[in-house]
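Working notes for the structure below.
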Amino acid sequence: MAIFIDETSRVVVQGMTGAEGQKHTARMLAAGTAIVGGVNPRKAGTSVTFPLGEATTDVPVYGSVAEAMAATGADVSVVFVPPAHAKAAVIEAVDAGMPLVVIITEGIPVADSASFLAHAQAHGTRLIGPNCPGIISPGKSNVGITPADITGPGPVGLVSKSGTLTYQMMYELRDLGFSTAIGIGGDPIIGTTHIDALAAFEADPDTAAIVLIGEIGGDAEERAAAFIAEHMTKPVVGYVAGFTAPEGRTMGHAGAIVSGSSGTAQAKKEALEAAGVRVGKTPSETAELIHALLR
Numbered sequence: 088m089a090i091f092i093d094e095t096s097r098v099v100v101q102g103m104t105g106a107e108g109q110k111h112t113a114r115m116l117a118a119g120t121a122i123v124g125g126v127n128p129r130k131a132g133t134s135v136t137f138p139l140g141e142a143t144t145d146v147p148v149y150g151s152v153a154e155a156m157a158a159t160g161a162d163v164s165v166v167f168v169p170p171a172h173a174k175a176a177v178i179e180a181v182d183a184g185m186p187l188v189v190i191i192t193e194g195i196p197v198a199d200s201a202s203f204l205a206h207a208q209a210h211g212t213r214l215i216g217p218n219c220p221g222i223i224s225p226g227k228s229n230v231g232i233t234p235a236d237i238t239g240p241g242p243v244g245l246v247s248k249s250g251t252l253t254y255q256m257m258y259e260l261r262d263l264g265f266s267t268a269i270g271i272g273g274d275p276i277i278g279t280t281h282i283d284a285l286a287a288f289e290a291d292p293d294t295a296a297i298v299l300i301g302e303i304g305g306d307a308e309e310r311a312a313a314f315i316a317e318h319m320t321k322p323v324v325g326y327v328a329g330f331t332a333p334e335g336r337t338m339g340h341a342g343a344i345v346s347g348s349s350g351t352a353q354a355k356k357e358a359l360e361a362a363g364v365r366v367g368k369t370p371s372e373t374a375e376l377i378h379a380l381l382r
């Protein structure tokens, strides 16, 4: 099992004909993802040839998400559209009735994110991101930019604000493997939250333990801790990035700003531990906690 995507997911790539879209479409195809089309109204009716093992495959380009869905039965879209046009791209996918939209683009204005998230919520579309590495269920589907060869399938679920820490934790636990690893993004406004992923992992029979990676800024981890205390029966291990960050200074992701005790790594660690979550001091220590749980 997996959460949100699996081997039946049929994926269209908005922005597939651009440089980043082409590069990562090739990687997603190599990982076994069912990429069924791209979307670019200026190149509708053409196709893009990608390497696939010893052969190649031609992926058709459609003029709209609705057209792509009608032709292919796509149920996932991944967005590689530049920031200025990302809002329109997401709203187009939502209006077409796409159930899941994964937004890789970084640098999207917060007002745009707020607008398309509200639109998605009103229409029942799940968003992952923006400014995220996407979601991977190893051996089944990889939607986004996560390297697919770090690890294979297994019993660990991972939800993370940080892209690079997603990859590191997958590497640290490569001997165990993952049901799904989801990078939710570090922007102030995101679609899928820690809590959404935790609830899905709790319901997934093949996820035995969960790693939650947070970072300084905001109160997402504190809210996740409250959810864990009330609703989770599976073990959760945590890691919070930013213990060495100076207070009051914006760090990295736009959402990571520390003010007083709110949003600090220590406050998040204490909230998680109060909910029964063991929190590692480093990614490696966090991985060891999972190893100990699953031995």
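Here the sequence shown is numbered in the working numbering, starting from 88 and rising by one per residue.
All residues carry an ideal CB built from backbone N, CA and C; glycine is no exception.
When you compare only the Cα positions, how much space is there between residue i and residue j?
i       : j       : result
Tyr-258 : Ala-117 : 19 Å
Leu-381 : Ala-131 : 49 Å
Leu-247 : Tyr-149 : Just to set this straight, residue 247 is Ser in the shown sequence, not Leu. Distance between the alpha carbons of Ser-247 and Tyr-149 is about 33 Å.
Ala-176 : Ala-379 : 44 Å
Phe-203 : Gly-125 : 21 Å
Pro-147 : Gly-325 : 42 Å
Ala-183 : Thr-192 : 20 Å
Leu-214 : Glu-372 : 31 Å
Ala-307 : Val-364 : 15 Å
Pro-292 : Asp-274 : 30 Å
Please say whether residue j and residue i have beta carbons closer to each other than 7 Å?
i       : j       : result
Ala-235 : Ile-282 : no
Ala-143 : Thr-133 : With the sequence shown as reference, residue 143 is identified as Thr, and Ala is not the correct amino acid for it. For Thr-143 and Thr-133, no; Cβs fall outside 7 Å.
Ser-240 : Gly-221 : One point to set straight first is that residue 240 is Pro, not Ser, in the sequence displayed. Going by C-beta atoms, Pro-240 is not nearer than 7 Å to Gly-221.
Pro-186 : Ser-200 : no
Phe-265 : Thr-238 : yes
Val-181 : Ala-207 : yes
Met-256 : Val-230 : no
Lys-368 : Val-327 : no
Val-81  : Val-98  : Residue 81 is absent from the structure shown; the chain starts at 88 and stops at 382.
Glu-360 : Lys-321 : no
Ser-224 : Ile-92  : yes
Gly-278 : Gly-350 : no
Val-197 : Ile-276 : yes
Ala-209 : Ile-195 : no
DSSP beta-bridge partners for residue i?
i       : result
Val-229 : What sits at residue 229 in the sequence shown is Asn, not Val. Bridge partners of Asn-229: Ile-223.
Gln-101 : Val-126, Val-166
Pro-138 : Thr-143
Leu-245 : Ala-268, Val-298
Tyr-326 : Ile-300, Gly-367
Pro-292 : BP columns for Pro-292 are empty, so no partner.
What does the Cβ neighbour count give for residue i, buried or exposed, with the cut at 16 atoms within 10 Å?
i       : result
Glu-302 : buried
Gln-353 : exposed
His-318 : exposed
Val-100 : buried
Lys-110 : exposed
Gly-211 : exposed
Glu-141 : exposed
Phe-314 : buried
Pro-370 : buried
Gly-108 : buried
Glu-94  : exposed
Gly-250 : buried
Gly-160 : exposed
Asp-145 : exposed
Ala-171 : exposed
Can you tell which of the options has the C-alpha that lies nearest to the C-alpha of residue i?
i       : options                            : result
Leu-245 : Ile-269, Glu-141, Leu-263          : Ile-269
Gly-102 : Arg-261, Val-152, Thr-351          : Val-152
Ile-280 : Leu-263, Ala-176, Ala-290, Ile-300 : Correcting the residue type first, residue 280 is Thr in the shown sequence and not Ile. The residue with the shortest Cα to Cα distance from Thr-280 is Ile-300.
Asp-262 : Leu-214, Glu-375, Asp-145          : Glu-375
Thr-294 : Ala-171, Ile-190, Ile-377          : Ile-377
Glu-154 : Pro-138, Glu-179, Leu-260, Ala-89  : Glu-179
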